[in-house]
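Peer 1:
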Amino acid sequence: MRTGFSIGRYGFLGDRNGAAAIEFAILAPIVFAVIFSIFEAGFIMTQSIMLDRAVSRSSRALQINGAKMSYADFKASVCKEAVILSDCVKSIRIEFTPVTKAADFPTTGTPCVDRSVAIDPVTSYNSGQPSQIIFTRACYVVDPLVPGLGFGLSFPKDNTGAIQLTSSFAFVNEPT
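Here you go:
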């Protein structure tokens, strides 16, 4: 008759029941963090590429049409081209700067939508004159999918915890 703990072949230290559960409990959070970080990185990169493409294509339309396109038309064109940007019209701010000399290029950061305030200030819109250089900047504000994990931690965020994706494009208006 045995009493107490035995260290032998079938004793307390030889029991391997639950070993896989312990390994899973240790490794699963790390594996899931890597998987979610990869997914989020891909999604943010896709949104950034779509923003660049939309600003480029809409700027080309502005370049050809010139003064016939209003700010609202340009913003709607960008949002239509950037299919995957959710709530695009409310989350994007676009700025136009006519350039005549190198000092005219903006030196400040791209202005973004501030979601912490109820009103959105009016952005000046000047599509420029024929044969003039126009520098366009856009900023799209997006919430990270998993804000406290992996890739979402590495981005600078605004005061609402959103990531700011920016795009810029320069073009010359077509002569009339």
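The opening residue of the sequence shown carries number 7 in this note's numbering; numbering runs sequentially from there.
All residues carry an ideal CB built from backbone N, CA and C; glycine is no exception.
All values reported here derive from a predicted model rather than from experimental measurement.
For residue 151 versus residue 42, is the C-beta distance shorter than 9 Å?
Peer 2: yes
Peer 1: Ends of the beta strand (DSSP E) at residue 76?
Peer 2: Neither: residue 76 is in no beta strand (DSSP E) and is coded neither H nor E.
Peer 1: My output table needs one value for residue 35: the three-state DSSP class, helix, strand or coil.
Peer 2: In the displayed model, residue 35 falls within a helix according to three-state DSSP.
Peer 1: Does DSSP classify residue 118 as helix, strand or coil?
Peer 2: coil
Peer 1: Does the distance from the CB of residue 137 to the CB of residue 71 come in under 9 Å?
Peer 2: no
Peer 1: Do three or more CB pairs link the stretch 153 to 167 to the stretch 104 to 115 at distances below 8 Å?
Peer 2: no
Peer 1: Residue 176 and residue 139 look like a contact to me (Cβ under 8 Å); what is the Cβ gap, rounded to whole Å?
Peer 2: 6 Å
Peer 1: Mapping DSSP to helix, strand and coil, what is residue 111?
Peer 2: coil
Peer 1: In this structure, does DSSP put residue 171 in helix, strand or coil?
Peer 2: strand
Peer 1: Taking residue 95 as part of the alpha helix (DSSP H), name the residues at either end of that continuous run.
Peer 2: 94 to 97
Peer 1: Would you grab the beta carbon distance between residue 98 and residue 119 for me? Rounded to a whole angstrom, and I think it's under 8 Å.
Peer 2: 7 Å
Peer 1: Which same chain residues end up closer than 8 Å to residue 91 when comparing Cβ atoms and leaving out the 5 residues on each side of it in sequence?
Peer 2: 53, 56, 57, 60, 85, 97, 98, 146 and 148
Peer 1: Quick one, which of 74, 141 and 45 has its alpha-carbon nearest residue 107's?
Peer 2: 141
Peer 1: Sorted by chain position, which residues of the same chain lie with C-beta nearer than 8 Å to residue 135's C-beta, five sequence neighbours on each side aside?
Peer 2: 104 and 179
Peer 1: What's the C-alpha gap between residue 30 and residue 49?
Peer 2: 28 Å
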